[in-house]
Every structure is written in structure tokens, then in C-alpha cells.
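With the first letter of the sequence shown counted as 1, position 161 gets the number 161 in our numbering; the numbers rise by one all the way through.
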Amino acid sequence: MKAVIIYKGRYGATKQYAEWLQEDLRIPAVCSDDVTTQLSGSDIVILGSSVYIGKLELAKWLKRNLDTLRGKKLLFFVVCGTHANETEKLESYLATGIPKEMRSDVDAFYLPGRLDIGKLTWLDRFMLKMGAQLAKDPQVKKEMLTDYNDVKRQNLAALIQKYNSYMSVPQL
Ligand SMILES: Cc1cc2nc3c(=O)[nH]c(=O)nc-3n(C[C@H](O)[C@H](O)[C@H](O)COP(=O)(O)O)c2cc1C
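Written as C-alpha cells, this is what we have:
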């Protein structure tokens, strides 16, 4: 079975996960902006996207490529700042960002991300501050404006296990 990783992020967290997967699974990783023919002939597609203001970075690309992705096994990793225990919020990112027709075909994995406020563009920093102002809980507000880095290779274990389970199924 042939597989490929397609990802989109802004500041490197999603890219880092994609590169680790590329090394571990020995399959190509391509930024969605650079995809040409890599999807054709792939049976498994690992999709990776970060989240900005509730939206998947990959959302537009997914819509455009819906037909090409149909019938393929899809593993989706979402990279964001939302805590793992906020399941409803995490699931809402996929519920709104993935075309309806695709949702039931996707295995989802939520991976913790990274925030380095000093590296953000002026606009992203502004958006982050706006978002923090809207937060009612002072603790949440503080957390939103604090750097973090939870990007770790071991966070990929469940995804890799799922991928291997697909690869070990004999094809008819
Ligand atoms: C302006 C801004 C908005 C964000 N919005 C969200 C959000 O709505 N939900 C969330 O969980 N994380 C949010 N984040 C956190 C990012 O998803 C997180 O930093 C992620 O690791 C970025 O990955 P990337 O570097 O691959 O783009 C936001 C970060 C910024 C700077």
C-alpha cells in the first residue's frame, strides 16, 4: 500500500510532526501548497493541520481535494493549543473543518502544539490578544498569552500504531 503525508501549519509545529512521521514511517511528507501528483496512487493519506481561531489550516485544501481523497484511508492529526480533556472543543475543529462527506472516513488524532508569541506575525499576535480578551476565565486568559511547547515525538504513538494496523492488513 502506498501512503503520503499532507500537512499545513504556520510556525513549524505541524511540520515537525509531519517530518517525524516521514522518518518513522518512511513515506513522503508534503506541504499542501506543494502537492502535485503525490495523492494519486496513495491508498493511505495522513493529513495534518494546525488550528487558528477555531479553523483548520487545511480546510480549504480539503474542500478542493474532496474527490481525490474519496475512497482512501484517512488519518488526520490536528495540532493545537486546546487541552486533550476538552474533547468537545477538539472534535468541533474537525466537525467544522472537514467536509461532511469525509467525516466518517477519518481517524482523528489531537496533538499538542507550540506557541512562541515572539515569533508570531503582527496580525496573529493581535488575533491572539483579541481572543484572550474574550475569554471570561482569568486563568484561561493568562494561559492563552503564555508560551508553551508540547510538541514531542511520543505524541505520535497512537497514530503510528493505527497506520501500522492498516499496513499489516493483507490486500485482496
Ligand atoms: C492567533 C492564534 C490563534 C489560535 N487559535 C487556536 C484555536 O482556536 N484553538 C486552538 O486549540 N489553538 C489555537 N492556537 C494555537 C495553535 O493552534 C498552536 O500554536 C499550534 O501549535 C500551531 O501550529 P503550527 O505552528 O503548525 O501552525 C492559536 C494560535 C494563534 C497564534
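For each residue, glycine too, the CB sits at the ideal point set by N, CA and C.
Source: prediction; values computed, not measured.
Does the Cβ-Cβ distance between Leu90 and Thr82 come in under 8 Å? yes
Do Phe126 and Phe76 count as a contact pair if the criterion is CB distance below 8 Å? no
Verify the contact flag: Met127, CB atom, against every heavy atom of ligand 1, threshold strictly below 7 Å. yes
Could you pull the start and end residues of the beta strand (DSSP E) that Leu75 belongs to? 73-80
Report the start-end ranges of each alpha helix (DSSP H) in the stretch 100-163 that is 4 residues or longer and not cut off at the edges. 100-103, 122-134, 138-144
Comparing the CB of Cys80 with every heavy atom of ligand 1, is any distance shorter than 7 Å? yes
Where does Arg153 land, buried or exposed, given buried means 16+ other C-beta within 10 angstroms? exposed
Limits of the unbroken alpha helix (DSSP H) element including Tyr11: Taken as a continuous stretch (DSSP letters only), Tyr11 belongs to no alpha helix (DSSP H), as it is neither H nor E.
Taking DSSP's pairing of strands, which residues face Ile44 in a bridge? Ala3, Lys73
Excluding sequence positions up to five away, which residues of its chain have a Cβ less than 8 Å from the Cβ of Gly12? Arg114
In this structure, does DSSP put Ser168 in helix, strand or coil? coil
Distance between Asp43 and Ile6 (C-alpha atoms, nearest Å): 13 Å
May I ask you to report which of helix, strand or coil DSSP gives Ala18? helix
Starting from Ala84, trace the alpha helix (DSSP H) both ways and give me its first and last residue. Where Ala84 is concerned, there is no enclosing alpha helix (DSSP H), given that its DSSP letter is neither H nor E.
Backbone secondary structure at Leu198 - three-state DSSP: Here the chain comprises residues numbered 1 to 172, so residue 198 is not present and cannot be evaluated.
C-beta contact flag for Gly41 and Lys2 at 8 Å: yes
Using the rule of at least 16 other Cβ atoms within 10 Å of the residue's Cβ for burial, across every protein chain shown, is Thr37 buried or exposed? exposed
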